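So the protein lines, in turn, are chains A and B. Residues in the first sequence are numbered from 303 upward in steps of one, following this note's numbering. Residues in the second sequence are numbered from 16 upward in steps of one, following this note's numbering. Glycine included, every Cβ here is placed at the ideal spot set by N, Cα and C. Every value quoted in this text rests on a predicted model; they were computed, and no experiment measured them. Here is the structure we will look at, set down as structure tokens.
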Amino acid sequence: MTERIRVLLADEQSLFREAVRAVLQSEADLDVIAEARDGVQAVAEAKRVQPDVAVLDANLPNCDGIRATKLITESLESCRVLVLGVDGDIRQMVEALEAGARGFLTKEIPLAELIEAARSLFRGETLIPPGMLGPLLAHLINRHREEEEARRRVSRLTKREREVLALLASGGDNDTIAQRLVISPETARTHVQNVLGKLGVHSRLEAAAFVLQTGMMADLVEANA
Amino acid sequence: MTSEVRQRRPVRREGVWLRATAEENAVFDPATGGLHLLNETARAIWELCDGATTTAEMVEAICSVTGLPRDVVTEDVERTLTEFERLGILRWEE
């Protein structure tokens with residue numbers, strides 16, 4: 303007897319869940335062992351039944367499908383998550399894959415494809431909708447370039463300036479920075495001006511956004527440790 | 016792949032266009048009348064042949080999405096680009 307693939311289904315719409323369940327259950331090698339109507343329930347059910355494959359709607363209520371994917375894949379290494387999202391939404395697809403999903407498909411796909419998708423994921427394959435692989439790769443390459451550029455700019459900063467940037471990105475004003483670094487407010491102000499100049503930004507807000515958008519905060523904290 | 020090759024940037028030859036339908040992907044070269052079918056990965060590589068993206072960046076991105084070993088992806092990318100070059104639909108920016 304062949305091994306049955308144990309599937310968890312999570313979608314807010316009971317009609318959708320019932321339709322998908324009926325189709326999957328009609329396959330000899332697929333077994334829907336649990337259902338969930340929101341993200342919190344999906345994570346709890348996944349931990350309880352430990353499915354081979356979890357099919358999650360990206361827009362689940364109470365903890366969306368992306369967050370639920372992250373929680374599931376962090377606690378269940380063997381569970382492969384398939385996120386059902388919006389057609390052409392590259393950002394959502396990137397978020398799903400970075401959260402640990404092994405596949406991203408749109409709800410526009412025929413149910414027959416969902417059956418094959420569950421099998422593919424179980425075999426360890428990665429699933430991307432037709433035509434979305436190129437834009438996905440381009441997005442990743444662009445982001446990698448932006449991160450490299452951000453690192454290049456931050457590498458121009460002295461250790462002290464990195465400390466200032468970390469405090470600035472956390473919302474610190476000159477007085478706060480001065481207190482934390484045990485320097486005068488005037489010196490803090492000079493450091494801030496130097497940081498802005500070296501980063502090529504025009505305001506504290508822009509500098510803070512630069513740190514947050516490029517994910518540099520962890521690097522700054524680590525460098526300052 | 017040598018570091019020199021990794022930093023080369025393939026670029027689609029002008030006038031060659033991609034025809035993508037739900038059933039198939041193909042590039043059409045009006046200059047020769049050639050129609051070449053592509054699988055999804057080859058299509059993605061074709062779309063990245065913009066003269067700015069290096070082969071190393073292509074390999075890195077595909078590895079991060081698929082989790083496949085770097086040497087396998089490198090071989091696939093090189094084979095695909097070599098085939099595009101053989102078909103005359105690709106040139107290289109240094």
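- [ ] Using a cut-off of 7 Å between C-beta atoms, extract the partners of B/Val42 located in chain A.
- [x] If you number the second sequence from 1, residue 42 of chain B lands on position 27. In chain order: nothing, as chain A lies at least about 13 Å away.
Task: C-alpha gap between B/Glu98 and B/Val26, whole angstroms - done: Locating residue 98 of chain B in the second sequence gives position 83, where the first residue counts as 1. Locating residue 26 of chain B in the second sequence gives position 11, where the first residue counts as 1. So the two alpha carbons sit approximately 13 Å from each other.
Open item on the list: Is there a C-beta anywhere in chain B that falls below 8 Å from the one on A/Pro432?
Closed with: For the purposes of this step, residue 432 of chain A is taken as the residue at position 130 of the first sequence. So, interface residue.
Task: Whole-number beta carbon distance between A/Leu378 and A/Ala348, since they are thought to touch under 8 Å - done: Numbered from its first residue, the first sequence carries residue 348 of chain A at position 46. Numbered from its first residue, the first sequence carries residue 378 of chain A at position 76. A/Ala348 to A/Leu378, Cβ: 6 Å. Contact.
Open item on the list: Pull the bridge partners of B/His51 from the DSSP assignment, please.
Closed with: Stepping through the second sequence from its first residue, residue 51 of chain B is reached at position 36. Paired residue(s): B/Val42.
Task: Neighbour list for A/Gly436 in chain B, Cβ cutoff strictly below 7 Å - done: Position 134 of the first sequence holds residue 436 of chain A. Ordered by position in chain B, the residues that pass the 7 Å Cβ test against A/Gly436 are Arg58, Ala59, Glu62 and Leu63.
- [ ] May I ask which residues mark the beginning and end of the alpha helix (DSSP H) holding B/Ile77?
- [x] The count along the second sequence starts at 1 and reaches residue 77 of chain B at position 62. It spans Thr70 to Thr81 - the alpha helix (DSSP H) in which B/Ile77 sits, taken as one unbroken run.
Open item on the list: I'd like to know whether the C-beta atoms of A/Val383 and A/Gly402 end up nearer to each other than 8 Å.
Closed with: By 1-based counting over the first sequence, the position of residue 383 of chain A is 81. By 1-based counting over the first sequence, the position of residue 402 of chain A is 100. In contact: A/Val383 and A/Gly402 (Cβ atoms closer than 8 Å).
TODO: To the nearest angstrom, report how far apart A/Ala330 and A/Met519 are at their CA atoms.
DONE: Working through the first sequence from its first residue, we reach residue 330 of chain A at position 28. Working through the first sequence from its first residue, we reach residue 519 of chain A at position 217. Answer to the nearest angstrom: the Cα atoms are 50 Å apart.
- [ ] Can you check DSSP and say which residues form a bridge with B/Trp32?
- [x] Taking the first residue of the second sequence as 1, we reach residue 32 of chain B at position 17. Bridge partners of B/Trp32: B/Phe43.
Open item on the list: Quick check on the DSSP output: what are the complete beta strand (DSSP E) runs of length 3 or more inside the region 403-463 of chain A, in order along the chain?
Closed with: 405-408
- [ ] Could you check which residue in A/Leu362, A/Lys409, A/Val355 and A/Arg308 has the C-alpha nearest to that of A/Ala321?
- [x] By 1-based counting over the first sequence, the position of residue 321 of chain A is 19. Comparing Cα positions, the closest option is A/Lys409.
- [ ] Could you spell out where the beta strand (DSSP E) holding A/Ile307 opens and where it closes?
- [x] As a first step, residue 307 of chain A is located in the first sequence; it is residue number 5 there, counting from the start. A/Ile307 -> beta strand (DSSP E) spans Ile307 to Ala312.
Task: Test: B/Val80 CB closer than 8 Å to a CB of chain A - done: The residue you call residue 80 of chain B lines up with position 65 of the second sequence. Answer yes: the Cβ-Cβ gap between B/Val80 and chain A drops below 8 Å somewhere.
TODO: Specify the secondary structure class of A/Ala330 as computed by DSSP and reduced to three states.
DONE: What you label residue 330 of chain A is simply residue 28 of the first sequence in a count that begins at 1. If DSSP states are grouped into helix, strand and coil, A/Ala330 belongs with coil.
Open item on the list: Quick check on the burial criterion: 16 or more other C-beta atoms within 10 angstroms. Buried or exposed for A/Arg447?
Closed with: Working through the first sequence from its first residue, we reach residue 447 of chain A at position 145. Looking at its Cβ environment, which holds fewer than 16 other Cβ atoms inside 10 Å, A/Arg447 is exposed.
Open item on the list: Please report whether the beta-carbon of B/Thr47 lies at a distance below 8 Å from any beta-carbon of chain A.
Closed with: Within the second sequence, the letter at position 32 stands for residue 47 of chain B. Not closer than 8 Å to any Cβ of chain A, the Cβ of B/Thr47 fails to qualify, so no.
Task: A/Thr428 versus B/Ala46 - alpha carbon distance - done: Here the question's residue 428 of chain A lines up with position 126 in the first sequence. Here the question's residue 46 of chain B lines up with position 31 in the second sequence. So the alpha carbons of these two residues sit roughly 36 Å apart.
Open item on the list: One question on the structure: do A/Pro353 and A/Ile335 come within less than 8 Å of each other, judged by their Cβ atoms?
Closed with: One-based indexing of the first sequence puts residue 353 of chain A at position 51. One-based indexing of the first sequence puts residue 335 of chain A at position 33. Yes. Within cutoff.
- [ ] Give the DSSP-derived three-state secondary structure of A/Arg382 in the structure shown.
- [x] Locating residue 382 of chain A in the first sequence gives position 80, counting from the first residue. In the structure shown, A/Arg382 sits in a strand (DSSP, three-state: E or B).
- [ ] Using a Cβ cut-off of 9 Å, pull out every chain B residue sitting near A/Thr371, in sequence order please.
- [x] What you label residue 371 of chain A is simply residue 69 of the first sequence in a count that begins at 1. Residues of chain B passing the Cβ test: none, with the nearest at roughly 15 Å.
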